[in-house]
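Take the sequence shown: its letters are residues 0 to 293, numbered as in numbering that gives the first Met the number 0.
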Amino acid sequence: MIETTHASTSTVASSSESSAASTTSSTSSEPSAWARVTQAVTRRIPTVIAVIVLFAAWEAWVRIGHVPSTMIPAPSEIVQATIEVWSTLGPAAAVTTYEGVVGFLFAVLLGVVIGIGLYCSRVFNAAFYPLLAAAQTMPLISIAPLFLIWFGFETYGKIVITAVFGLFPVAVQTVRGLEAVPEFYSDVALTCGATRWWTLWHVKLRVAARQIYGGVRVTAAYIFATASTAEYLGARKGLGIWLQAAYNSFRTPLIFSATFTIIAMTCLLLIAVNISERLLLGPVGDDTDPDADQ
Numbered sequence: 000m001i002e003t004t005h006a007s008t009s010t011v012a013s014s015s016e017s018s019a020a021s022t023t024s025s026t027s028s029e030p031s032a033w034a035r036v037t038q039a040v041t042r043r044i045p046t047v048i049a050v051i052v053l054f055a056a057w058e059a060w061v062r063i064g065h066v067p068s069t070m071i072p073a074p075s076e077i078v079q080a081t082i083e084v085w086s087t088l089g090p091a092a093a094v095t096t097y098e099g100v101v102g103f104l105f106a107v108l109l110g111v112v113i114g115i116g117l118y119c120s121r122v123f124n125a126a127f128y129p130l131l132a133a134a135q136t137m138p139l140i141s142i143a144p145l146f147l148i149w150f151g152f153e154t155y156g157k158i159v160i161t162a163v164f165g166l167f168p169v170a171v172q173t174v175r176g177l178e179a180v181p182e183f184y185s186d187v188a189l190t191c192g193a194t195r196w197w198t199l200w201h202v203k204l205r206v207a208a209r210q211i212y213g214g215v216r217v218t219a220a221y222i223f224a225t226a227s228t229a230e231y232l233g234a235r236k237g238l239g240i241w242l243q244a245a246y247n248s249f250r251t252p253l254i255f256s257a258t259f260t261i262i263a264m265t266c267l268l269l270i271a272v273n274i275s276e277r278l279l280l281g282p283v284g285d286d287t288d289p290d291a292d293q
């Protein structure tokens with residue numbers, strides 16, 4: 000009897016030790032915040048090296064080939080020109096940033112709302128999804144004059160254009176994300192007494208959030224280019240008007256300055272989108288099923 004008790008005690012102790020060891024190993028296997036930052040920086044090193052090599056080759060080609068700056072300026076000339084004209088380029092970039100960011104926020108909000116409507120109502124989907132897709136096929140240069148007639152040269156007209164042209168990717172990814180949610184999530188929530196709207200907001204949208212962010216990133220990638228193009232076709236201020244003045248004066252380095260400014264603004268917006276995704280949803284690895292390996 001004593002031997003049996005001793006054996007059972009040792010079994011419990013060994014199972015406790017193995018459980019503690021597995022807990023410790025799983026805890027230690029999770030990367031720390033510093034390790035995640037290091038991994039993120041390491042992943043960007045090839046991109047940084049590629050950009051440096053590209054600009055170095057560009058500089059060498061222009062210098063060695065004696066390419067005139069009116070055709071292709073060297074990167075050093077672009078940097079110098081940007082510094083010289085920043086007193087006018089900076090305020091123009093601020094206007095475009097305001098139009099792009101506000102239009103982007105409206106595009107995300109309207110895209111999610113429209114996507115939910117398309118998902119919840121088959122009639123609404125059948126009636127408006129083809130129209131929404133057709134609206135995206137119209138080139139900006141053909142529809143911008145209409146917005147110019149309706150809203151004039153004011154800033155809010157450019158905000159409306161960027162919002163209209165930016166909501167489609169968000170709406171499409173919202174629909175696809177909601178349709179991809181496994182049915183058993185809804186079944187469990189409804190079985191526990193949740194309403195359909197509660198299930199949609201707290202369950203389905205949470206599961207579909209990653210895919211919705213995919214559409215948000217697509218919109219962020221071209222929102223400032225859309226705003227600049229709308230300004231170019233008719234505005235009082237902004238990078239589009241600044242580009243038009245540089246083009247009319249045949250100052251090629253200034254055209255590149257505005258172009259790289261738009262690229263930098265887009266990169267910053269994409270970084271902000273990625274940060275917001277991480278803060279709201281956590282790292283991508285946190286969405287994996289903990290029972291998948293069992």
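Every residue gets a Cβ at the ideal spot worked out from N, C-alpha and C, and that includes glycine.
How many Å lie between S27 and R205 at the Cα?
-> Confidence is the limiting factor: at S27 the pLDDT is only 46, short of 50, which leaves the residue's position unreliable, though a coordinate-based value still follows. Each residue's alpha carbon lies about 28 Å from the other.
In its own chain, which residues sit with a C-beta less than 8 Å from the C-beta of S248, not counting the 5 before and 5 after it?
-> Hits under 8 Å: none found.
CA nearest to the CA of L268, picked from Q79, T96 and I51 = T96
Are three or more beta carbon pairs between the region 147-166 and the region 182-201 nearer than 8 Å?
-> no
Three-state secondary structure assigned by DSSP to S120 = Coil at S120, not helix or strand.
Where the alpha helix (DSSP H) through R205 begins and ends | Start and end: L204 to L232.
Any idea what DSSP makes of R235, helix, strand or coil?
-> Coil at R235, not helix or strand.
For A20, is the classification buried or exposed, using 16 other Cβ atoms within 10 angstroms of its Cβ as the cut-off for buried?
-> Here the model assigns A20 a pLDDT of 45, short of 50, so the residue's position is not dependable and the matter cannot be decided.
Kindly list the residues whose CB is nearer than 7 Å to the CB of T69, restricted to its own chain and excluding five residues on each side of it in sequence; keep chain order.
-> Around T69: F249 and T251.
Would you give the residue range spanned by the alpha helix (DSSP H) that W149 belongs to?
-> Counting along the chain, the alpha helix (DSSP H) containing W149 begins and ends at L139 to F150.
Going straight from the alpha carbon of S295 to that of W33, what length do you get?
-> Outside the displayed range of the chain (0 to 293) lies residue 295, so it cannot be described from this structure.
Would you kindly report the start and end of the unbroken alpha helix (DSSP H) that includes A193?
-> Counting along the chain, A193 falls outside any alpha helix (DSSP H), and DSSP gives it neither H nor E.
Does DSSP classify H201 as helix, strand or coil?
-> helix
Are A257 and L232 touching if we call contact CB-CB under 8 Å?
-> no
Given a threshold of 16 other Cβ atoms within 10 Å of its Cβ, counted over all protein chains shown, does W241 qualify as buried or as exposed?
-> buried
Out of I44, A49, A229 and S75, which has the shortest C-alpha to C-alpha gap to A59?
-> A check of alpha carbon separations from A59 across I44, A49, A229 and S75 identifies S75 as the nearest.
Contact check, I71 vs V61, beta carbons under 8 Å | With respect to V61, I71 sits close: the two C-beta atoms are nearer than 8 Å.
Separation of A56 from P90, as counted between CA atoms = 32 Å
Is it true that the region 219-232 meets the region 196-211, where meeting means three or more beta-carbon pairs spaced less than 8 Å apart?
-> Under the three-pair Cβ rule at 8 Å, the region 219-232 does not count as touching the region 196-211.
Measuring alpha carbon to alpha carbon, tell me which of A143, G214, A244 and A179 ends up nearest A226.
-> Comparing Cα-Cα distances from A226 to each of A143, G214, A244 and A179, the minimum goes to A143.
Name the two residues that bound the continuous alpha helix (DSSP H) containing S75.
-> S75 -> alpha helix (DSSP H) spans P74 to E83.
Residues near T173 in its chain [Cβ-Cβ closer than 6 Å; skip 5 each side] = V111, G114 and I211
Please report the residue range of the alpha helix (DSSP H) in which E276 lies.
-> T251 to L280
Within 10 angstroms of the Cβ of T87, are there 16 or more other Cβ atoms? Answer buried if so, exposed if not.
-> Counting the other Cβ atoms within 10 Å of the Cβ of T87 gives fewer than 16, which makes it exposed.
Between L139 and the rest of its own chain, which residues show a CB-CB distance below 6 Å, the 5 nearest in sequence each way excluded?
-> Correct list, in chain order: T228.
Find out if the Cβ-Cβ distance for the pair V47, L253 is shorter than 8 Å.
-> Against a cut-off of 8 Å, the Cβ pair of L253 and V47 comes out as no contact.
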